[in-house]
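Numbering (my numbering), first residue to last: 3 to 419. C-beta: ideal position from N, C-alpha, C; glycine also. The next block holds one structure in the form of structure tokens; read it before the comments.
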Ligand code: UD1
């Protein structure tokens, strides 16, 4: 198990380019399976979850080539409908690849994605939607067997605007010559990016970014080239790192509309942020910020649950008291105990956390319980007095490109052992 050793207290400064979004590249890589053609994707983040997804694609029969942050997938040779169970186990979000395989082959097989570190992550909405689309699903010894021979036009109402379920439906519907409508669809920017990609390969998708999405699938696909949108959560992480170290950062390759929830929160806390041109943001912090007041996580355009644990670190160091209400996942406060080891004053009551800001955090040995909490701990370590050892770095690497190297280039004292 690798660790990051961080000597806190360095002020971050310099510029950093935000890579493509993890939550965008994963469904788009899944979508490459549908076309049977060649896809060139730019700005792919060089992270563990992308490596795992590419391994799944290779096992399905795709040819994959990578050069820097450009990945080329040729799915003409796809000859398997089975998602590798070991890889599925490592990355439960890979359930969305089932939708893409069904679109292509009218059948798919995968392991059942079990619980995970964010609490139970059921797939009941995926299953219910698939059944409405005419897909038969059988479960046997923990495996799921999808039969899409009778895939049909449908209107699907989602009880909750699940990101994964919206993507899975969009993917499966892409291979149906007919119309599928999703009502109460997720509105995350990553859904819009998937929709843009599907339109490039020949599917007709409209309404993404809103609550009703219509997909008209096809069986005539084309080669495509696409650039992945910037990662809004990575951007939020660097903004927070600048805030806790009283730093001065220029973040390049941003989409302002996607980061509004974080930017407006930081502004409310007293931070000065300035867009430079269309896609760069300057954040320069010289004072301790006011606390967050109350944050409620919510589906987009509400405050993103993925940024919650990172913002909690900032709240722990800001003046006054902050409250975070986590409405999306159970188990998203597991890093609070680790932050408390560093001197944070946090009380957790179920899905509500009360954070009383302290003047300083102190170096300690802590363990990342999951990806975003791990990022929150790394940010805490940057601001802490003394040395912090963050274990469980493999979680953080699932979503951040060389986080040690990137932070070092901004002046942090950080090494991986
Ligand atoms: C995606 C993101 C994740 C983000 C989350 C919410 C990816 C790879 N991951 O996860 O980073 O935190 O959106 O923005 O894009 N639910 C059900 N039944 C289902 C599906 C979901 O009850 O069938 C529940 C979940 O348990 C959770 C909530 O709905 O409580 C939101 O889940 P969902 O939007 O599906 O998140 P993911 O797609 O898993």
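Check whether the Cβ atoms of residue i and residue j lie closer than 8 Å to each other.
| i | j | result |
| --- | --- | --- |
| residue 160 | residue 168 | yes |
| residue 56 | residue 42 | no |
| residue 8 | residue 383 | yes |
| residue 319 | residue 379 | no |
| residue 213 | residue 183 | no |
| residue 16 | residue 324 | no |
| residue 341 | residue 330 | no |
| residue 166 | residue 153 | no |
| residue 313 | residue 203 | no |
| residue 247 | residue 385 | yes |
| residue 176 | residue 105 | yes |
| residue 381 | residue 307 | no |
| residue 45 | residue 22 | yes |
| residue 205 | residue 220 | yes |
| residue 173 | residue 339 | no |
| residue 387 | residue 144 | no |
Using only alpha-carbon positions, find the residue among the options that is nearest to residue i.
| i | options | result |
| --- | --- | --- |
| residue 367 | 175, 391 and 61 | 391 |
| residue 235 | 412, 261 and 304 | 261 |
| residue 50 | 307, 196, 398 and 75 | 398 |
| residue 311 | 377, 192, 215 and 59 | 377 |
| residue 296 | 328, 110 and 285 | 328 |
| residue 85 | 165, 112 and 60 | 112 |
| residue 335 | 150, 299, 304 and 108 | 299 |
| residue 131 | 239, 124 and 157 | 157 |
| residue 271 | 396, 40 and 359 | 359 |
| residue 411 | 26, 172 and 240 | 240 |
| residue 29 | 139, 61 and 194 | 194 |
| residue 146 | 201, 83, 185 and 191 | 83 |
| residue 198 | 59, 216, 371 and 418 | 216 |
Measure how close the beta-carbons of residue i and residue j come, nearest whole angstrom, since I'm counting them as under 8 Å.
| i | j | result |
| --- | --- | --- |
| residue 291 | residue 273 | 6 Å |
| residue 148 | residue 100 | 6 Å |
| residue 293 | residue 317 | 6 Å |
| residue 48 | residue 92 | At roughly 17 Å, the Cβ-Cβ gap does not stay under 8 Å, so residue 48 and residue 92 are not in contact. |
| residue 128 | residue 103 | In fact, because the Cβ distance is near 13 Å, the residues do not count as touching under 8 Å. |
What are the residues that DSSP puts in a beta bridge with residue i?
| i | result |
| --- | --- |
| residue 351 | 354 |
| residue 22 | 232 |
| residue 202 | Residue 202 pairs with nothing; no bridge assigned. |
Under three-state DSSP, which class holds residue i?
| i | result |
| --- | --- |
| residue 145 | strand |
| residue 91 | helix |
| residue 229 | strand |
| residue 212 | strand |
| residue 15 | strand |
| residue 240 | helix |
| residue 195 | helix |
| residue 398 | helix |
| residue 155 | coil |
| residue 117 | Here the model assigns residue 117 a pLDDT of 44, short of 50, so the residue's position is not dependable, and the following value carries that caveat. Three-state result, residue 117: coil. |
Does any residue of chain E bring its CB to less than 8 Å from the CB of residue i?
| i | result |
| --- | --- |
| residue 67 | In the displayed structure, chain E is absent; only one protein chain is listed. |
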